[in-house]
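Here the structure comes first, spelled out in structure tokens, and everything after it is commentary.
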Amino acid sequence: MLKKLKAPLAILAELSHRCPLSCAYCSNPVELVEKNKELDTDDWLRVIDEAADLGIHQIHFSGGEPTARKDLEQMVEHAHKRKLYTNLITSAVLLSRERLEKLKKLGLEHVQVSFQDSEKENANRIGNFKGGHEKKLEVAKWVRELGMPLTINAVMHRQNLHHLEDMIKMSVDLDADRLEVANVQYYGWALKNRAAFMPTKDQLESSMEIVEKARKDLKGILVIDYVLPDYYAKRPKSCMGGWGRQFLNISPEGKVLPCHAAETIKSFNFDNVKDKSLAWIWENSEPFNKFRGTDWMPSPCKTCDRREIDWGGCRCQALALTGDIGAVDPTCEFSPLHEKIFGSATEESSSEAPEFIYRLLSNKEVEPVKK
Ligand code: SF4
Ligand code: FES
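For what it's worth, the numbering used here labels the leading residue of the sequence shown as 42, then goes sequentially.
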């Protein structure tokens, strides 16, 4: 039982960094966890028990590509038995209909499929996976045929924002419940490709108009989530709902992290589920406590009236852009670096987009799992 803190709402279980795609905007760490270092089935089943005992309500099975794990079925079944709401976050290209059906029977309650574009050629170029888009469309249809709610995750940037209206239409045609218009976040591998993805201000303004109109037109049909990309915002987002407040992530090798990009923070030793219980880590782990609440905040966050709204923005972004994890998030207009960052975004977006640098996956040993 926790003494001082509320339990987290949800856990993101990154089952594996293996992935058949190599999207140039991948937010996974530059150095990926190899297959032989991944937690084994028993470890994950124990973690699911600990999450349920801690009072967590939802588990998101993610990666990399979670369907690359052949024991996904066991985890879904166990999580469902322990009354956790189960969501599969997938690129979908490894799934067969039989396997999806089986996962549904075992307790899978929701599926989120990522799309790289609405237009096949561009989508497959961005994900660097031939035939991927066609397979995703097929899987999205299966999800609805099997009666599960469907979320489409669309990662948008300068090389596909001109298809935003088509993406919305595609989501309606697929009978999705929700569309997440996710602007690229520049951590991990994505930071290497920032210039290839940075949209122009005009692109963003027109995308906001498109989303606003679609939200009105599609009320009751499709929910659209959209957050202005950080580099063009005046105030930062409340990253993860505040550090160590609502969520925890578990990396494929068992490190417990406050967010998906925290492994970019080399100065922290993150506790591992192999050594400590989730409850202990949530309450006592040094990295979690370091930026909880408002006491750690620098000026002007300390006295700002948004300090309990955005919780000081994003620590990973502060580190990536300033080299100081405790700095004001530079996407905030009160950061001394805000103008500089905005200037570099404008400059990058107005130059010709460079070629993508794809991840060369040494651990790309994934194969379709039949059932
Ligand atoms: Fe948020 Fe700090 Fe900026 Fe205030 S000063 S808006 S708390 S980042
Ligand atoms: Fe790590 Fe925002 S992604 S705090």
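For each residue, glycine too, the CB sits at the ideal point set by N, CA and C.
Nearest-angstrom beta carbon gap, residue j and residue i [assumed within contact, 8 angstroms]
{"i": "serine 103", "j": "alanine 54", "result": "7 angstroms"}
{"i": "asparagine 234", "j": "methionine 197", "result": "Incorrect: roughly 14 angstroms between the Cβ atoms, too far for contact."}
{"i": "leucine 149", "j": "leucine 136", "result": "Not quite, the Cβ-Cβ distance comes to about 11 angstroms (not below 8 angstroms), so this is no contact."}
Collapsed DSSP secondary structure at residue i in the structure displayed
{"i": "arginine 287", "result": "A small fix is needed here, since residue 287 is glutamine in this sequence, not arginine. Coil."}
{"i": "tyrosine 66", "result": "coil"}
{"i": "methionine 197", "result": "strand"}
{"i": "tyrosine 399", "result": "coil"}
{"i": "leucine 232", "result": "helix"}
{"i": "leucine 202", "result": "helix"}
{"i": "lysine 343", "result": "helix"}
{"i": "lysine 296", "result": "strand"}
{"i": "asparagine 77", "result": "helix"}
{"i": "threonine 335", "result": "coil"}
{"i": "threonine 108", "result": "helix"}
{"i": "leucine 46", "result": "coil"}
{"i": "leucine 135", "result": "coil"}
{"i": "threonine 372", "result": "coil"}
Where the alpha helix (DSSP H) containing residue i begins and where it ends
{"i": "threonine 363", "result": "356 to 363"}
{"i": "methionine 208", "result": "205 to 214"}
{"i": "valine 264", "result": "Taken as a continuous stretch (DSSP letters only), valine 264 belongs to no alpha helix (DSSP H), being part of the beta strand (DSSP E) at 264 to 267."}
{"i": "arginine 87", "result": "82 to 95"}
{"i": "asparagine 330", "result": "327 to 331"}
{"i": "glutamate 221", "result": "First-last for glutamate 221: 219 to 224, but that is the beta strand (DSSP E), not the alpha helix (DSSP H)."}
{"i": "threonine 387", "result": "379 to 391"}
Host beta strand (DSSP E) of residue i (start-end)
{"i": "glutamine 99", "result": "99 to 104"}
{"i": "leucine 57", "result": "Reading off the sequence, residue 57 comes out as serine, not leucine. Run containing serine 57: 51 to 57, per the beta strand (DSSP E) assignment."}
{"i": "leucine 113", "result": "Looking at the DSSP string, leucine 113 is not in any beta strand (DSSP E); the run it does join, the alpha helix (DSSP H), is 113 to 122."}
{"i": "alanine 255", "result": "Counting along the chain, alanine 255 falls outside any beta strand (DSSP E), though it belongs to the alpha helix (DSSP H) covering 242 to 258."}
{"i": "isoleucine 130", "result": "126 to 131"}
7 angstroms Cβ shell around residue i - same chain, five flanking residues per side excluded
{"i": "histidine 301", "result": "Leu53, Ser68, Asn290"}
{"i": "serine 212", "result": "Ile193, Leu220, Leu263"}
8 angstroms Cβ shell around residue i - same chain, five flanking residues per side excluded
{"i": "valine 154", "result": "Thr131, Ser132, Ala133, Lys177, Val180, Ala181, Val184, Leu191, Thr192, Ile193, Asn194"}
{"i": "leucine 46", "result": "Trp323, Glu324"}
{"i": "histidine 98", "result": "Leu50, Ala51, Leu125, Tyr126"}
Own chain partners of residue i with C-beta closer than 6 angstroms, once the 5 adjacent residues on each side are dropped
{"i": "leucine 205", "result": "Ser248, Ile251"}
{"i": "alanine 236", "result": "Glu389, Pro395"}
{"i": "threonine 372", "result": "Asp271, Ala274, Pro277"}
{"i": "asparagine 169", "result": "Ser63, Tyr399"}
Q) Along the chain, which unbroken stretches of the beta strand (DSSP E) at least 3 residues long are found entirely within the segment 140 to 188? A) 151 to 156
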